[in-house]
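Protein chains in written order, with the numbering used here: chain A, 14 to 485; chain B, 7 to 96.
Using N, Cα and C, we set each Cβ at its ideal position, and we do this for glycine too.
Here the structure is a predicted model, which is why all the values come from computation and not from measurement.
What follows is a set of notes on a single structure, which appears directly below.
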Amino acid sequence: MRNTKVVSLEEAIRRSGLKDGMTISFHHHFRGGDKVVNLVVAKLAEMGFKDLKLAASSLSDVHAPLIEHIKAGVITGISTSGLRGELANEISHGLMAEPVVFRSHGGRGSAIANGELHIDVAFLGASSCDELGNASGCPRSENAKSICGSLGYALPDAKYADHVVVLTDDLVAYPNYPKSISSCDVESVVVVDSVGDSSKISSGAIRDSKNPRDILLAQQAAQVIINSGYFKDGFSIQTGTGGASLAAVKYIKESMIEKGIKASFALGGITAHMVKLHEEGLIGKLIDVQSFDKVAAESIASDQTHQEVSAVEYASADNPGSAVHALDIVILSALEVDVDFNVNVLVGSDGIIRGAVGGHPDTAEDSALSIIVCPLLRGRIPCVVPKVTTLITPGAGVDVVVTEYGIAVNPRRPEIAERLKEAGLKVVDIHDLAAKATSVIGVPDPLPFGDKVVGIVMDRHGKVLDKIYNIQ
Amino acid sequence: MEVKNAVAGTLESGDIMIQIGPGEGLQVELQSSVAAQFGRQIKSVITETLEGLGISDAYVKATDKGALDCTIRARVTAAAVRATGKDVWK
């Protein structure tokens, strides 16, 4: 008997045995262009489901339609890495009875693998899939409508969910190899008009900055890398989102060529910058959990040394085999850093959720050198503060903070401070940076938080790290 | 001092737009992206700047996009000069 897996969305949901109260999951590889979450949840609402728990790898502005489904009781629980836009705003003001659970990408992978986050039915978008369910984020026919490259965040869902539905906008002939998701893990295949708008993948957090301050910060971050003691042949590197951290890569390139230094691998969200360095022979391998733009997605489709990894292989804390354990240098951004080097990348200084945990705590903790790049002030908002609004990455894992007013080194790493001073960089005490910010903007009044918990931040080991209260 | 309607500033990030006009006493209506943390400080900078220029009766509508105090003082002063015709920079 053949072709039994290819069914309508409604039939796939019926076959899955989904019941009220169960957990459904989604990936966010299309980022701001995702169409799967809204499509599936609208269908579930139409079919009369209630009290579902939504476990997304992340959510963004495009998921504002969830607000209505939350109000109607279709969705009563959310776990995610990030929240942005109107959905984040409503949740920050107390939309949901049950707090949103925030996990890092590695933390989510671990929680799925160890059963703490049990997924009943996974709905996973793919740019190509065959009739048996071999799915990929790469296009495989001239009818292809989308491309997202790596499906790294969807792989734990595919492996551990009780039931897996692949949605695709290009059903291709068997075998759709090389595949990311195996047909043996997939119960149903649903053909839809569009799983996502690929042109919107590099939206939201990912910016290629022309802002002169970002460029200054990027150059400073590059100087920190070059003089850190970790800039040696065979080093490995990851950049987070944010203009300055992405741009820093451009400025270490010159030094790599001059000194004959090559990187063994680049990890994490892979961008066009990384692909370019890889193609020029300066980076040996690309280890890609998420393709951050079309160039990266096209590269993973055609290059054997550009490898997809799952969220578990990328950044799991409990799995000693995960790639972050081999990572030398990571450059990350921040909304706020405090005088104890704690970092917040999730809740804005207005108390509203506007970001994502991402791989920030995973890479900061396990890398040999973690560098946070952020301006001292954004408008009137201070980025170096006495205490972060919400704790996402504990200061114990943060080594260096680069601002336009100087570079602060965690006192736990005196050897790095020495190397940077020897290189003539402006090393300052982080308390002086916080004081400088206050001298320019004054002391902010406390935020009007209420007493309802709207979010719980889990650390990457599965323990509660912080709580987010509603903003009034 | 007679105060006519006048404007200074823009709605760009890091700036503040000050619209000033006739009023009784100093009334400041503030819209700000950082109102929760800095609204009190911004209002007092506006009021103090106007008082320093000898203006005690005016209605001010301020639309703030995260401006620093120095920017707020400059925009309020420019709006006041335009509204009163009295050049404070001479």
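Excluding its 5 nearest sequence neighbours in each direction, threonine 181 of chain A has C-beta neighbours in its own chain below 8 angstroms: Gly138, Ala139, Ser140, Ser141, Cys142, Ala148, Val202, Val203, Val204, Val205, Val208, listed in chain order. Among the residues of chain A, those whose CB is under 9 angstroms from the CB of leucine 74 of chain B are Leu390, Gly392, Arg393, Val453, Ile454, following chain order.
Within the same chain, Cβ atoms closer than 8 angstroms to the Cβ of aspartate 306 of chain A are found at Ile214, Ser215, Ile219, Thr284, Ala285, the five residues on either side in sequence being excluded. Between proline 333 of chain A and arginine 473 of chain A, the C-beta spacing is not below 7 angstroms. Sequence-distant Cβ neighbours of arginine 81 of chain B in its own chain, meaning closer than 6 angstroms and more than five residues away, are Ala14, Gly15, Ile22, Ile24. Contact with chain B is absent for aspartate 227 of chain A, since none of that chain's Cβ atoms lies less than 7 angstroms from the residue's Cβ. One Cα belongs to alanine 448 of chain A, the other to serine 105 of chain A, and the distance between them is close to 29 angstroms. Along the length of the region 386-430 of chain A, whole alpha helix (DSSP H) runs at least 4 residues long do not occur. Contact check between the region 434-445 of chain A and the region 233-246 of chain A: three or more CB pairs, one atom from each, fall below 8 angstroms, which counts as touching. Cβ contact annotation for aspartate 331 of chain A (same chain, cutoff 6 angstroms, sequence separation greater than five): Ser123, in chain order. Scanning chain A for C-beta atoms nearer than 8 angstroms to the C-beta of lysine 71 of chain B yields Gly392, reported in chain order. Non-local beta-carbon contacts of serine 249 of chain A in its own chain, meaning distances under 8 angstroms to residues more than five positions away in sequence, involve Ala276, Ser277, Phe278, Ala279, Leu280, Ala339, Leu340, Asp341, Ile342 in chain order. For a cut-off of 8 angstroms, the C-beta gap from isoleucine 274 of chain A to aspartate 246 of chain A is around 5 angstroms, short enough to register as a contact. At a cut-off of 7 angstroms between beta-carbon atoms, glycine 60 of chain B makes no contact with chain A.
Look at asparagine 224 of chain A here: in three-state DSSP terms it is coil, with no helix or strand label.
In the DSSP assignment, phenylalanine 44 of chain B forms no beta bridge with any residue. Nearest CB-CB separation between aspartate 458 of chain A and chain B: below the 7 angstroms threshold. In this structure, B/Thr53 is the residue among B/Ala12, B/Thr53, B/Thr90 with its C-alpha nearest to the C-alpha of arginine 79 of chain B. Pairing serine 71 of chain A with serine 268 of chain A, the inter-Cα distance amounts to about 36 angstroms.
Judged by pairs of C-beta atoms under 8 angstroms, the region 344-352 of chain A touches the region 393-408 of chain A, as three or more such pairs exist.
Closest option to leucine 229 of chain A, judged by alpha-carbon separation, among A/Ile420, A/Phe39, A/Ala167, A/Leu184: A/Ile420.
Within the DSSP secondary-structure output, methionine 23 of chain B pairs in a beta bridge with B/Thr69. Unbroken alpha helix (DSSP H) runs of no fewer than 4 residues, entirely contained in the region 160-219 of chain A, are found at 168-173, following chain order. Between aspartate 47 of chain A and glycine 162 of chain A, the beta carbon gap of about 14 angstroms keeps them out of contact (Cβ cut-off 8 angstroms).
In this structure, the alpha-carbon of valine 386 of chain A lies about 6 angstroms from that of leucine 345 of chain A. A direct Cα-to-Cα measurement between serine 38 of chain A and valine 401 of chain A gives close to 30 angstroms. Judged by DSSP secondary structure, tyrosine 482 of chain A falls within the beta strand (DSSP E) whose first and last residues are 477-484. As computed with DSSP, isoleucine 37 of chain A is found in a beta bridge with A/Leu67, A/Val134. At a cut-off of 7 angstroms, the C-beta of valine 87 of chain B has no neighbouring C-beta in chain A. Where glycine 86 of chain A is concerned, there is no enclosing alpha helix (DSSP H), because DSSP gives it neither an H nor an E.
Using a CB distance below 8 angstroms, no part of the region 126-159 of chain A faces chain B.
Put simply, the backbone Cα of phenylalanine 44 of chain B is about 38 angstroms away from that of glutamate 431 of chain A. Counted as a single uninterrupted DSSP element, the beta strand (DSSP E) harbouring threonine 252 of chain A occupies residues 248-252. Residue-level contact check: alanine 42 of chain B touches chain A, since one or more beta carbons of chain A fall below 7 angstroms from its beta carbon. When CB distances to chain A are screened at a threshold of 7 angstroms, the residues of the region 25-49 of chain B falling below it are Val40, Ala42, Gln43, Phe44, Arg46, Gln47, in chain order. Contact between valine 199 of chain A and arginine 153 of chain A does not hold, since the beta-carbon distance rounds to 16 angstroms and is not under 8 angstroms.
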